[in-house]
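Structure first, then comments.
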Amino acid sequence: MAVAKALNEGKRVAILDIDAHHGNGTQDIFMGGENVIYISLHQVPLYPGTGLKSEGNCYNITLPPGTDDGRYLIALEEAFQIIKDFKPQLVSLSLGLDTYCEDPLTQFQLTISCYEKIGEKLRQFKPIFGVLEGGYTKKIGVLLDSVFKNLKE
């Protein structure tokens, strides 16, 4: 709703999806849209098996199983550069915590320290809002706190 409202007001919106799964539905909704870009960092191969290449205003940054903090943060910087070049007036964060090393459904190897760094790096974008997506460990609260406590500082 917030993205649709901003677009209806003529604002430029960047959607950053950092769930381990490709956001095929989000990409389908915004593909070809004006004043909006969609950027997804996701594991390949992994369900739903989409997002293998960038198309138009939708950027897909694919990462292999076993991706660790260092490799992920490099890919995140690539996404941030796309956002900076676009100069959005609003950033929407699709926050998936299924990238954590103990998640049973994916094979990323991110640590709590990486989530803290993600929060710190997201501070450069204002205004920003987030929605929670995947994450299937008992540490989901700790992971969420790691991102947002560093985002607001």
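For the sequence shown, position 59 (counting from the first letter as 1) is numbered 1536 according to the working numbering, and the numbering increases by one without interruption.
Note that beta-carbon positions come from the ideal geometry of N, C-alpha and C, so glycine has one too.
These numbers come from a predicted model, not from an experiment.
Uninterrupted alpha helix (DSSP H) stretches at least 4 residues long and entirely within the segment 1539 to 1584 occur at 1546 to 1563, given in chain order.
Beta-bridge partners of D1622 (DSSP): none assigned. Straight through space, the alpha carbons of H1498 and Q1601 are spaced by roughly 25 Å. Taking a cut-off of 8 Å for Cβ pairs, the segment 1542 to 1557 and the segment 1567 to 1575 do not touch, as fewer than three such pairs fall below it. For F1606, the secondary structure class from DSSP, reduced to helix, strand or coil, is strand. Residue ranges of uninterrupted beta strand (DSSP E) with 3 or more members, entirely inside the segment 1495 to 1547 and ordered along the chain, are 1513 to 1520 and 1535 to 1540. The bridge partners DSSP lists for I1492 are Y1515 and S1569. In this structure, the straight-line span from the alpha carbon of P1565 to that of E1486 is close to 13 Å.
Around the Cβ of S1569, a 10 Å sphere holds 16 or more other Cβ atoms; the residue is buried. Rounded to the nearest whole angstrom, the C-alpha separation of L1582 and I1506 is 25 Å. Taking the Cα positions, F1625 is about 29 Å away from T1527. In the same chain as V1480, and ignoring 5 residues on each side of it, the C-beta atoms closer than 6 Å to its own belong to V1490 and S1569, in chain order.
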